[in-house]
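Trainee: Got a structure for you, written out below as structure tokens; questions coming shortly.
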Amino acid sequence: AQTDVKFALDWKFEGPSAPYFVAIDKGYYKAEGLNVTVDSGPGSVAGIARVAAGTYPIGFFDINSLVKFRDQNPDKRVQAVLMMYDKPAFAIGTTAKTGIAKPKDLEGRVLGAPAADGAFAQWKAFVKENGIDESKVKIENVGFPVREPMLAEGKVDAITGFSFSMYYNLLQKGIKPDDIKIMLMADYGLVLYGNAIIVNPDYAKANPKIVAGFVRATIKGVLDTIKDPDTAIKSVMARNETADPKIELDRLKMSLRDNFVTPWVKANGFGGVDMARLAKSIDQIGLTYEFKNRPTAEDIFTSQYLPPAAERRL
Amino acid sequence: MSSTLEKLSPWLFTLGIFVLWELVCRIFKVDTFVLPAPSQIFQAVGQYWLPLAKNAFVTLWTTLAGFALAVAFGIVLGIIVGWSRTIYRGLYPVMIGFNSIPKVAVVPILIIWFGIGIVPAVLTAFLISFFPIVVNVATGLASMEPELEDVLRALGAKKLDIMLKVGIPRTQPYLFGSLKVAITLAFVGAVMSETIGANSGLGHLMVQAGSNFQMPLVFACLLGLAVEGIVMYAVFAYVEAYFTGWAFRSSMSAAA
Amino acid sequence: MSSTLEKLSPWLFTLGIFVLWELVCRIFKVDTFVLPAPSQIFQAVGQYWLPLAKNAFVTLWTTLAGFALAVAFGIVLGIIVGWSRTIYRGLYPVMIGFNSIPKVAVVPILIIWFGIGIVPAVLTAFLISFFPIVVNVATGLASMEPELEDVLRALGAKKLDIMLKVGIPRTQPYLFGSLKVAITLAFVGAVMSETIGANSGLGHLMVQAGSNFQMPLVFACLLGLAVEGIVMYAVFAYVEAYFTGWAFRSSMSAAA
Amino acid sequence: MASMTGSVDINHVTLTYRSAGGGVLALRDTSLNVPRGEFAAVVGPSGCGKSSLMKIVTGLVPPDSGDIVIFGDRVRGPVKIAGMAFQNPNLLPWRKVIDNVLLPLEIVEPHRRKFRRERQHYRDEAEALLKTVGLDGFSQRFPWELSGGMQQRVSLCRALIHQPALLMLDEPFAALDAFTREELWCVLRDLWQKLGFTVILVTHDLREAAFLADNIHVMSARPGHIVMTKTVDLPRPRDLDICFEPHFTAIVHELRAKIAEVRKP
Amino acid sequence: MASMTGSVDINHVTLTYRSAGGGVLALRDTSLNVPRGEFAAVVGPSGCGKSSLMKIVTGLVPPDSGDIVIFGDRVRGPVKIAGMAFQNPNLLPWRKVIDNVLLPLEIVEPHRRKFRRERQHYRDEAEALLKTVGLDGFSQRFPWELSGGMQQRVSLCRALIHQPALLMLDEPFAALDAFTREELWCVLRDLWQKLGFTVILVTHDLREAAFLADNIHVMSARPGHIVMTKTVDLPRPRDLDICFEPHFTAIVHELRAKIAEVRKP
Ligand SMILES: Nc1ncnc2c1ncn2[C@@H]1O[C@H](COP(=O)(O)OP(=O)(O)OP(=O)(O)O)[C@@H](O)[C@H]1O
Ligand SMILES: Nc1ncnc2c1ncn2[C@@H]1O[C@H](COP(=O)(O)OP(=O)(O)OP(=O)(O)O)[C@@H](O)[C@H]1O
Ligand SMILES: [Mg+2]
Ligand SMILES: [Mg+2]
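Residue numbers (our numbering), protein chains in the order written: chain A, 1 to 314; chain B, 315 to 570; chain C, 571 to 826; chain D, 827 to 1091; chain E, 1092 to 1356.
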């Protein structure tokens, strides 16, 4: 018999969500005895709460938000079980005409950052790692819908955000690809991880097989997607009637390049973490955020549901 | 005032607004990203009419379900609030407080309790829209002319009878007015809930289109909402004309 | 009905709701990140009272500015809509359409045009809250009793005189009712705009707290909003009692 | 006056209207007795408290002091056995004439219970009643489509439709021309004689009072109280011709003189 | 009747009220002439169209056909020179008595212009007027704190305050007792004699008509039109005692007979 599993995405059905749909379409979940339904989501903050509350047993959310969540709710032992984005998409975006080429150039400029932005949450760590004089950067709280337009109109000089979102939004604003400058924070001293598959603790405890099965099947989906993004994108397009296939494919490819397939993943296989790096990333979060119940790396990630490394090789 | 002009005026107004909008967009070269021109929006409508129609239907019916709840509950609560001064004085501030809170803050709770999908959307539509109904019903009951009230009291009528036979009919024009406000709020509530947690509905489509950088489609969704609102209004206007003809006798009445 | 009970009832109701809320949270072990218990919220209020107060003040005054605009504009537009049948028929559907659209969709446009900060918040508060006022004023004018109207017409009064001397006073109870609805919407609008683009205000604080998972602080902000809403209501209730005593003569009137 | 069971009994009633502009003492120590089945009239100068008295009897307004007993039951709140025609027609503008007339039947038992089932029967009755007051053909109109006098007649029908044991009429014929008025006197007289209910009629028309009533109570200027009770000893059944008899005229003149006297405070 | 300049002239006026329940023909081919400065009375059975006639004259309701000329100007919409007391007092409930009385001064020129400046002066005038109708001390109350008759008197004051050239009174004394009524007859008579305005008075009280009017116009049952015009040839100034003179009684009887005749269709 098939077990129903509701799976929560952090956002809408886009290129980077291809692996799950590939896993569904190719029957990988079914092979594990799972009948997976995927729901779109409202972003990591609200989404993690849904997994913690048990509305969803499994979800795909930002691990750095999970760290803060665990800090605020120490008795809710939500854990990550599969690392999806070895490198997060957190980035600083700017345009050529501002002349900003490196982090230090931000001094004396205006940075537009949505207060709830996952990338902006890492700003302090970014500042520290790059020796920026924070007092010289003026920060404006610009909401998501107006972030790129304000950059394009020169009302702010740089913005924080996810690399692929910013890139395409700026393209839409008529900025030439060559004029768009994206600095991935991970390339400038940040060791943070990105999004991971996280699970509800009670559910995982009661259904370890299901979680492990889900993880295994998802990894298969990821590997297939990495191998053949052009086919994989069709699984997304089948579920999103209004998306532009070309944009989504580009976005998927960019995400594969920047987030999924990093040198570390190539060397160590997909889905695991380097616990020392994770611990350091928690320290980096502490630069921006005041811990009350600082979680450890072990609190955040467990590899117990991961299949053997051989199954995770690219 | 020619009656042809009157008949045409909604169309003329709407047309005028679209033309103005198009002109503003062209003359000031407003970015598609900020505000797409109507021509672009209609193009998006043409291209995506099927998903638009499907999602619009979902939104319509969740909204109507929430709105129906709001009407029933609003009238009952209005009567209760109009009933007892203690309840009035106690409940009103609490309701005002509740309504000053953006419902976006409440939706996540509903989603966690009821899962994503239609239930939270219906509930949000309900929560956001019942208040204007309560206020107008309660005001209607509280401002009942004692002379009319006495007609029923002199018959030994119970309070509920007085409310139903005098209070509610008398306040009908305002009740319908509040329904017009409430239906628009119900749409807003349903869509808001859909943007936060749903796999269908115009709210869902809007966020999706937004994250796909399809601003014309986002505005096509908004247009769809506006059309649905207007259709509902037309339905009310019809029902209202039937029920409240007595109230719109003024020679200056614009409603009749 | 003892008048002591009546006086205390708002406090008792509020207290009752908090106690109930606390109990629900404890008995059902509701998670803090879903719905913090009042005790946790008050703790957050104690801890963060300074930023709360500062931001609450910003929100209050942007809201009031937007609301003042809405009242002025709402009354004028209500009179215009009540004035001419052509305008009524033309404008009403458009307004309904506009109001069925979630204002979240409009805020970005305002922010791009006016920059982030107070202007878009004021405008959003205004845009979201004028509609109930228009509806009730227009309904009031349209449902004027011809008998009262005739009193002025027989003196050769102009239409505007009739509107000001009969239409508006007569609809006062409902005007105040609509103000109660409008003020809550104005708060919602201001906060919404602050969440999308502002460096201060309760909306800004809420988003910040939310992204750090400080749910008690988020709810403390909501509580602040509710309190501000209630304070404004108290102000209206006072003004209303002064202006509309004549309307609340019913022995059953809960408002008087 | 000794109270007897089976009468409308007003005992030392005082009424003050309190308002922002200061209190108004409307009735002071007013006593009045109307035995069951009697037709009583109340006359008095404008503003003396006649309407207030009517509202006190039906329990719409509570007196400051004193008590009212109707057919043995003390009045504590609105009574159920009365039919009242107010000084203003007070028709509900959202109801057609016929539905205004039917209103009491939707409220008062036992009609209320039977109302849905016997709707047609009640409608026929209401139509018949409207016809007796000269309003046939107007039942499907709204109240504001009627002239002042026609509205008052509808209001009268509404007071009568449920055949109340106590009929309270507050200047029911004030807006009517002399002939319509006299016609309705006769309608009321016949109904009263047939059904034997108790009537309290407020009027400014002394001829009306003398023609219809058994006893006429004269009220003083505000604060009102009964200063004289005149028994009309004209034989029943009375005919309109009686108005031209000298005894009738004498009664009217006596009342007139009394009111003239009490008007000067 | 030949039309002359300087009169209120109603020429072959027809009025139908159209409504969902079907049209009502209220006035049919009604003509009437009231020379400037005359006191005219209109009597007729209830529902015959008297109030409608008043509304047509002041331009509140447009006739289907026919025209109305007031002092040389054709009536096309509400006229500005009239003061009107409606059959219902129609006081604005949100205004105190005095503010209700002052209302015309806030609207009608030249008072409107001067109103703010000379507020106190106007208030004093209004108070004085209220006193003449026996309402001193009630100016600060709200209309619903007054009895029916008192409200009607306020309404009368409102019609008089701006000293209109044409005074339209629709049963202004219907809710008053005989004495208050007669007092107000005299008030009105004196005012009229002093100021010389034109009056059209609708009434059901034939004695009232005969005492006050120069000409009494009798209307037929609906659809109304003037069936008789009776000139009251009693000398002026008239005193209340005139009501007991045989000639007065004869006029009243003649009118009565005429109405009795026209009531039967
Ligand atoms: N609701 C009220 N509030 C305050 N005062 C009132 C109210 N109703 C009546 N009064 C006062 O009480 C007095 C008596 O009023 P009431 O209506 O009983 O008089 P009435 O005898 O019916 O007069 P009329 O013949 O003019 O109808 C009046 O002086 C009036 O001012
Ligand atoms: N607004 C209206 N709509 C429809 N019909 C009306 C309207 N006003 C009056 N009528 C009708 O016109 C006729 C004349 O009414 P009007 O008020 O002029 O009578 P009236 O002579 O003043 O009667 P009364 O002495 O009873 O006041 C009546 O039959 C009435 O039904
Ligand atoms: Mg009275
Ligand atoms: Mg009339």
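All residues carry an ideal CB built from backbone N, CA and C; glycine is no exception.
1) How would the residue list near ligand 3 read, in chain order, if you kept each one whose beta-carbon is closer than 7 Å to any heavy atom?
2) Go ahead and pull the three-state DSSP assignment for S965/D.
3) For T1121/E, name the three-state secondary structure that DSSP assigns.
4) With respect to 7 Å, is the separation between the Cβ of E715/C and the closest non-hydrogen atom of ligand 2 below this value?
5) G660/C lies in the alpha helix (DSSP H); which residues open and close that run?
6) To the nearest angstrom, how far is the alpha carbon of G392/B from that of V449/B?
7) Counting only beta-carbon atoms, is Y362/B nearer than 8 Å to chain A?
8) Taking G380/B and G503/B to be in contact with their CB atoms under 8 Å, please state how far apart those CB atoms are, rounded to whole angstroms.
9) Does L1196/E come within less than 8 Å of chain D when only Cβ atoms are used?
10) For chain C, check one thing: does any of its Cβ atoms lie closer than 8 Å to the Cβ of F7/A?
11) Counting only C-beta atoms, is M150/A closer than 8 Å to chain C at any point?
12) I need the DSSP call for R1062/D, collapsed to helix, strand or coil.
13) Less than 8 Å between the beta carbons of P904/D and G481/B, yes or no?
14) Taking a contact to mean a Cβ-Cβ separation below 8 Å, would you say R277/A touches G15/A in this structure?
15) Specify the secondary structure class of A1351/E as computed by DSSP and reduced to three states.
16) Compute the minimum distance between the beta carbon of W1235/E and the heavy atoms of ligand 1, and state whether it is under 7 Å.
17) For the alpha helix (DSSP H) that contains M1175/E, what are its first and last residues?
18) If we call anything under 8 Å between Cβ atoms a contact, is A1000/D one with A1265/E?
19) Within 8 Å (strictly less), CB to CB, does A825/C reach chain B?
20) I want to see whether chain B comes within less than 8 Å of Y20/A, judged by CB atoms only; does it?
21) Ligand 6 heavy atoms versus the CB of E717/C: any closer than 7 Å?
22) From K1141/E to Q977/D, what distance separates their C-alpha atoms?
23) T1289/E touches chain C at which residues, Cβ-Cβ below 8 Å?
24) Answer with buried or exposed for E1101/D, where buried requires no fewer than 16 other C-beta atoms within 10 angstroms of its C-beta.
25) List the residues of chain A whose Cβ lies closer than 7 Å to the Cβ of S781/C, in chain order.
26) Note down the Cα distance separating W970/D from R979/D, rounded to an integer number of angstroms.
27) Hey, out of A790/C, I766/C and L772/C, whose CA is closest to F757/C's CA?
28) Could you tell me whether any Cβ in chain D is nearer than 8 Å to the Cβ of A1219/E?
29) Comparing the C-beta of S833/D with each C-beta of chain E, is any distance below 8 Å?
30) Would you call the region 69–81 of chain A and the region 142–159 of chain A in contact, with 3 or more CB pairs under 8 Å?
31) Tell me where the alpha helix (DSSP H) around L111/A begins and ends.
32) Below 7 Å, is the gap between the Cβ of A1117/E and the nearest heavy atom of ligand 2?
33) Taking 8 Å as the threshold (C-beta atoms), are M994/D and M910/D in contact?
34) Give the interface partners of R596/C over in chain B, defined as CB-CB distance under 8 Å, in chain order.
35) Taking only beta-carbon positions, decide if T242/A is within less than 8 Å of chain B.
36) Is M976/D close to chain B, meaning its C-beta is less than 8 Å from at least one C-beta of that chain?
Mentor: Quick answer:
1) Chain-ordered, the residues whose CB falls short of 7 Å from any heavy atom of ligand 3 come out as K876/D, S877/D, Q913/D, D996/D, E997/D, V1028/D, S1238/E, G1239/E and G1240/E.
2) Coil, per DSSP.
3) For T1121/E, the three-state secondary structure derived from DSSP is strand.
4) Taking non-hydrogen atoms of ligand 2 into account, the C-beta of E715/C is found less than 7 Å away from none of them.
5) In the DSSP assignment, G660/C falls within the alpha helix (DSSP H) that extends over R655 to S670.
6) Looking at the backbone, the Cα of G392/B and that of V449/B are separated by about 7 Å.
7) At a cut-off of 8 Å between C-beta atoms, Y362/B counts as an interface residue with respect to chain A.
8) Between G380/B and G503/B a beta carbon distance of about 6 Å is seen, short of the 8 Å cut, so the two are scored as contacting.
9) Taking Cβ atoms only, chain D never reaches closer than 8 Å to L1196/E, which makes this a no.
10) F7/A does not count as touching chain C.
11) True, the Cβ-Cβ gap to chain C drops below 8 Å.
12) Under the three-state reduction of DSSP output, R1062/D falls in the coil class, being neither helix nor strand.
13) Contact flag unset, no.
14) The answer is no: Cβ separation not under 8 Å.
15) Three-state result, A1351/E: helix.
16) With a cut-off of 7 Å, the C-beta of W1235/E is classified as near ligand 1, since at least one heavy atom of the ligand falls inside that distance.
17) Following the DSSP letters along the chain, one finds M1175/E in no alpha helix (DSSP H) but inside the beta strand (DSSP E) bounded by residues A1173 to A1176.
18) In contact: A1000/D and A1265/E (Cβ atoms closer than 8 Å).
19) Low local confidence applies: a pLDDT of 47 at A825/C is under 50, so the model's placement there is unreliable, and no value is given.
20) Closer than 8 Å: no.
21) Ligands in the displayed structure: ligand 1, ligand 2, ligand 3 and ligand 4; ligand 6 is not one of them.
22) The alpha-carbon of K1141/E is positioned some 15 Å away from that of Q977/D.
23) None at all; the shortest Cβ gap to chain C is about 15 Å.
24) Outside the modelled stretch of chain D, which goes from 827 to 1091, sits residue 1101/D, for which no answer is possible.
25) Per Cβ cutoff of 7 Å: V45, A115, A116 and A121.
26) Looking at the two C-alpha atoms, the distance is approximately 13 Å.
27) That would be L772/C, whose Cα lies nearest to the Cα of F757/C.
28) No, because no Cβ of chain D sits closer than 8 Å to the Cβ of A1219/E.
29) It does not; no Cβ of chain E falls within 8 Å.
30) Short answer: they don't touch.
31) Annotation: L111/A is outside any alpha helix (DSSP H); the continuous beta strand (DSSP E) that includes it extends over V110 to G112.
32) For ligand 2, at least one heavy atom lies less than 7 Å from the Cβ of A1117/E.
33) Between M910/D and M994/D, the C-beta spacing is below 8 Å.
34) Counting only Cβ-Cβ distances below 8 Å, R596/C has no contacts in chain B at all, with the closest Cβ about 17 Å away.
35) Yes, its Cβ sits closer than 8 Å to a Cβ of chain B.
36) So no, M976/D is outside the interface.
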